[in-house]
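Notes follow the structure.
2 protein chains.
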Amino acid sequence: MTPGTRRGYAKGRAKRIEILDQAMALFGEAGYRGASLRVIATRCGISHPGLLHHFPTKEALLLAVLQRRDDVDDEWLALGVTRGVDHLRRLVDLAELNAKRRGIVELFSVVAAEATSPDHPAHAYFETRYRTSVANTERAYLQARDDGSLRTGTDPATAAQQLIALMDGLQIQWLISDCTTDMAGVLRAHIRAQLTVEF
Amino acid sequence: MTPGTRRGYAKGRAKRIEILDQAMALFGEAGYRGASLRVIATRCGISHPGLLHHFPTKEALLLAVLQRRDDVDDEWLALGVTRGVDHLRRLVDLAELNAKRRGIVELFSVVAAEATSPDHPAHAYFETRYRTSVANTERAYLQARDDGSLRTGTDPATAAQQLIALMDGLQIQWLISDCTTDMAGVLRAHIRAQLTVEF
DNA sequence: CCTACCGATCGGTAGG
DNA sequence: CCTACCGATCGGTAGG
Chain A
1 MTPGTRRGYA KGRAKRIEIL DQAMALFGEA GYRGASLRVI ATRCGISHPG LLHHFPTKEA
61 LLLAVLQRRD DVDDEWLALG VTRGVDHLRR LVDLAELNAK RRGIVELFSV VAAEATSPDH
121 PAHAYFETRY RTSVANTERA YLQARDDGSL RTGTDPATAA QQLIALMDGL QIQWLISDCT
181 TDMAGVLRAH IRAQLTVEF
Chain B
1 MTPGTRRGYA KGRAKRIEIL DQAMALFGEA GYRGASLRVI ATRCGISHPG LLHHFPTKEA
61 LLLAVLQRRD DVDDEWLALG VTRGVDHLRR LVDLAELNAK RRGIVELFSV VAAEATSPDH
121 PAHAYFETRY RTSVANTERA YLQARDDGSL RTGTDPATAA QQLIALMDGL QIQWLISDCT
181 TDMAGVLRAH IRAQLTVEF
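Residue numbers (my numbering), protein chains in the order written: chain A, 1 to 199; chain B, 1 to 199.
Below is the structure:
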C-alpha cells in the first residue's frame, strides 16, 4: 500500500459498484445460470473469492443487481408528472431510453424468462415486479378514463396487461433483431389507438 | 434380449421421440445452458452416452427439439383457412391451445430470451423465426385491409410487430403468474380494437 | 483481498 | 446401448 493511497470504505464502495455493473452485463449475456462468478470477478480485476467478500453468494449478487436497477429506474420515473396519459408517455420515454441501454434490456429479458421457473432465485422478485407494473399501469389508464382521454371500450385492466406484455415482447424482438426494432415507435402507435387525445 | 422382443428401427424411433419430449421439458424448465444431458437421459431411462447415440451433441438435440415443435405447429396452422382476419383468429386459437401446453410455452419463452445472445446455438433459428412470424402476420393484416376489415390508421407492419410481441410478452406473464393470465382473451381484445368487423 | 482447495457436475470420447 | 474415463468448470470454503 503506497503512501497517499486512499483506503477504507470509499474504495470498497467503488469496487462494489464495479462488481454490480459487470454482473449486470454478464447476467444479461449468459443468464443467471450461464454466468460464472469467476468471469465476473476477472472482469473486475479480482479473484472470485474476492467477489464473494462483497456478496456472500451468487444469488445475493443477482438480487443486488436487480434491486440496483430498480432503484435507478424508480428515481427516473419519479421525475416529472406520473399520472394518467402523462404516465403512459413516460413509459414510452423509458422504452426510448432503454434502446440506448442494451445491457439493461438483456438483463431483464433474459432473467425474467429464466425466473418463470418456481425455484429460480429471482422468481419472487419478478412475480412482485409484474404485479406492481401492471397495477401502476392500470391506475394510469383509469386516470386517463377519468380525464376523458380513453377511448370507449378500452378496459383499463386489460390495457395494462397488454402494455406491459408489449414492452417485454418488443425487447425480445429488439435484442434478436440486433437493435433494429423501433420499440418506442411501436409502443406509441399502440397507445395512440387507445386514446381520444393526441399522443 | 428375450424372444419376441421387437427390435430395430421402430424401437429406436420411439426412444428418439421420448428423448425429444423430455428434452423439450427440461430445456423449458432450465434453459439450454441449465439443462444437462445426464438429467434428460436419466428421465428417458438411459445413460447420457446413450442419448448421444441418438443426437451427436447437445446443440443438435436443441435444434431437433425446436424443429419438431415447429413441424407440429405448422401442421396445425395449415388446417383450415389461414388468410386475413381468419388467420388472426387462428393465432388467438393457438394462444388458447398453448394455455394447455405449459412445457411448449416455457421452451420457447426461455430459449428465445437466451438466444438473443449472438453466440447462442439457437440464435439464427430465432432470428429467422421472428422474421417469418412478423411477415406472415403482416400479410394477414394486409389481406384484412383489402377486405375492408381493418380500421383506418392501423398500419399492417406495425400491427404485425405488436401482435407477435404481445403474444411473447403475455406468455412470460402467464408463466410467472402460474397460468392465471388469460392470454387468448387479452389477445382477442387487442385485435378487436384494430378491426371494423366482429372478432 | 489472496492462494489453494473441496466435491459436484458438465459435454464429450474411448472402447467395447 | 453400456461403463469408465477425459479435461474443464462450477459455487463455495479454509486459512491466512
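For glycine and all other residues, C-beta sits at the position ideal for the given N, C-alpha and C. Remember, predicted model here, so these are calculated numbers, not experimental data.
- Residue pairing by DSSP places A/L94 in no beta bridge whatsoever.
- Closer than 7 angstroms at the C-beta level to chain B, one finds these residues of the region 125 to 136 of chain A: F126, E127, Y130.
- Check the Cα spacing between A/R188 and each of A/L94, A/I17, A/G45, A/E29: the tightest is with A/L94.
- Taking a contact as a CB-CB distance under 8 angstroms, the pair B/A112 and B/Y141 does not count as one, their CB atoms being some 23 angstroms apart.
- When DSSP assignments are scanned along the region 26 to 92 of chain A, the uninterrupted stretches of alpha helix (DSSP H) that are 4 or more residues long and fall wholly within it turn out to be 37 to 43, 48 to 54, 58 to 78.
- DSSP lists A/L195 as the bridge partner or partners of A/L150.
- Using a C-beta cut-off of 8 angstroms, the region 146 to 164 of chain A makes no contact with the region 49 to 67 of chain A, since fewer than three inter-stretch Cβ pairs fall below that distance.
- B/H190 places its beta carbon 7 angstroms or farther from that of B/L175.
- Cβ atoms of B/I17 and B/H54 stay farther apart than 8 angstroms, at about 10 angstroms.
- Here the alpha carbon of A/P121 sits roughly 7 angstroms from the alpha carbon of A/A115.
- Against A/I104, chain B offers no close residue; the least beta-carbon distance is about 13 angstroms (beta-carbon pairs closer than 8 angstroms).
- Segment contact: the region 74 to 82 of chain B against the region 42 to 52 of chain B, fewer than three CB-CB distances shorter than 8 angstroms; contact not assigned.
- In chain B, no part has a C-beta under 9 angstroms from the C-beta of A/I40; the shortest such distance is about 16 angstroms.
- For B/V134, the CB contacts under 7 angstroms within the same chain, skipping 5 residues up- and downstream, are A160, Q161, I164 in chain order.
- Under the Cβ distance rule, A/Q161 counts among the residues neighbouring chain B, one pair being separated by less than 7 angstroms.
- For B/R101, no alpha helix (DSSP H) segment is defined, and its DSSP state is neither H nor E.
- If you draw a straight line from the Cα of B/E75 to the Cα of A/M24, it is about 41 angstroms long.
- In terms of CA proximity to A/K15, A/T42 leads the group A/A30, A/G31, A/T42.
- When C-alpha distances from B/D182 are compared across B/R33, B/F108, B/L97, B/T57, the shortest belongs to B/L97.
- Annotated three-state conformation of A/A14 is helix, per DSSP.
- Contact of B/L175 with chain A by beta-carbon distance below 7 angstroms involves T116.
- B/A159 carries a helical assignment under DSSP once its states are collapsed to helix, strand and coil.
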